[in-house]
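What follows is a short report on a single structure.
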Amino acid sequence: GAVVSQHPSRVICKSGTSVKIECRSLDFQATTMFWYRQFPKQSLMLMATSNEGSKATYEQGVEKDKFLINHASLTLSTLTVTSAHPEDSSFYICSARDRREASPDTQYFGPGTRLTVL
Amino acid sequence: AQSVSQHNHHVILSEAASLELGCNYSYGGTVNLFWYVQYPGQHLQLLLKYFSGDPLVKGIKGFEAEFIKSKFSFNLRKPSVQWSDTAEYFCAVKNSGGYQKVTFGIGTKLQVIP
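Chains F and S are the protein sequences, given in the same order. Following my numbering, the numbering of the first sequence begins with 51 at its first residue and continues without gaps. Following my numbering, the numbering of the second sequence begins with 598 at its first residue and continues without gaps.
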């Protein structure tokens with residue numbers, strides 16, 4: 051149980067285009083999902099917290115208009131990188147909390163999406 | 598702001614050797630602590646966590662970690678590693694109240710040689 055999927059796993063796009071990444075909780079409902087970014091040889095950096103039915107909470111330094119997050123259902127959150135540039139190339143990982151769990155601090159991670167912007 | 602330090606970035610061990618990965622955090626309040634593992638080609642998964650109670654926490658696959666509050670540490674241990682333990686290990690901390698942001702360490706790559 052507690053499986054999180056991401057789609058696509060890899061995407062290559064041209065500079066200036068927008069890319070949408072999906073994060074799905076497959077066998078549980080997630081009121082809260084998180085989006086992380088990981089640069090080579092660095093840790094996961096939280097970008098934003100996505101709450102179902104409400105606006106995402108962005109971390110300091112993360113551009114809201116650049117990284118659009120939508121959490122329209124209890125099993126799906128999307129991250130759209132708008133007008134992508136080469137510096138946006140990174141590994142994007144989502145995680146989700148199972149709303150049924152008494153201990154809400156366990157996050158279940160997706161496999162990540164490798165974005166390369168040419 | 599909270600931060601997490603993992604001292605060993607790359608560890609190479611022979612099978613059956615004992616493992617200890619260091620993790621220190623900086624945060625003055627009450628914390629929740631985690632170790633996550635990422636096996637090659639797989640996603641991050643929870644190895645063990647500490648919320649309260651016994652500071653010695655046992656996780657999956659024979660791993661354990663000890664929370665030492667006075668040292669702000671949460672080191673991961675395993676008495677005898679196996680080749681299948683080859684993975685990257687991330688320590689993480691979250692303050693137990695208020696905004697629940699989890700901060701991750703940089704990770705430690707463990708390579709176990711058969």
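Virtual Cβ for every residue (Gly too), placed ideally from N, Cα, C.
Asked	Found
F:D148, buried or exposed, once every other Cβ within 10 Å from all chains shown has been counted against 16	buried
Under 9 Å (Cβ pairs) to chain F, residues found in the segment 627–650 of chain S	N629, F631, Y633, Q635, G638, Q639, H640, L641, Q642, L643, K646 and F648
Own chain, CB closer than 6 Å to S:N621, minus 5 neighbours either side, in chain order	S602, F669 and S670
Contacts of F:T156 in chain S (Cβ-Cβ under 9 Å)	F631, L643 and K646
Chain F contacts made by the segment 601–614 of chain S, where a contact means CB separation under 7 Å	none
Integer-rounded CB distance, given that F:E72 should sit under 8 Å from F:T128	5 Å
Residues near S:I710 by beta carbon distance below 6 Å, same chain, minus five either side	S611
Proximity winner among S:K658, S:Y624 and S:Y633, relative to S:I703 (alpha-carbon distances)	S:Y633
Chain S contact for F:G111 (CB, 9 Å cutoff)	no
Cβ-based burial, F:Q56 [other Cβ within 10 Å; buried from 16]	buried
Whether F:V75 touches F:L124 by CB criterion (9 Å)	According to the sequence shown, residue 75 of chain F is Ser rather than Val. Cβ distance < 9 Å, so F:S75 and F:L124 count as in contact.
Below-9 Å beta-carbon distance, S:T683 vs any chain F residue	no
Reference S:G659; option with closest CA among S:L616, S:V699, S:G638 and S:T627	S:L616
Contact with chain S by F:L94, beta-carbon distance below 9 Å	yes
S:R674 to S:E685 span [Cα, whole Å]	14 Å
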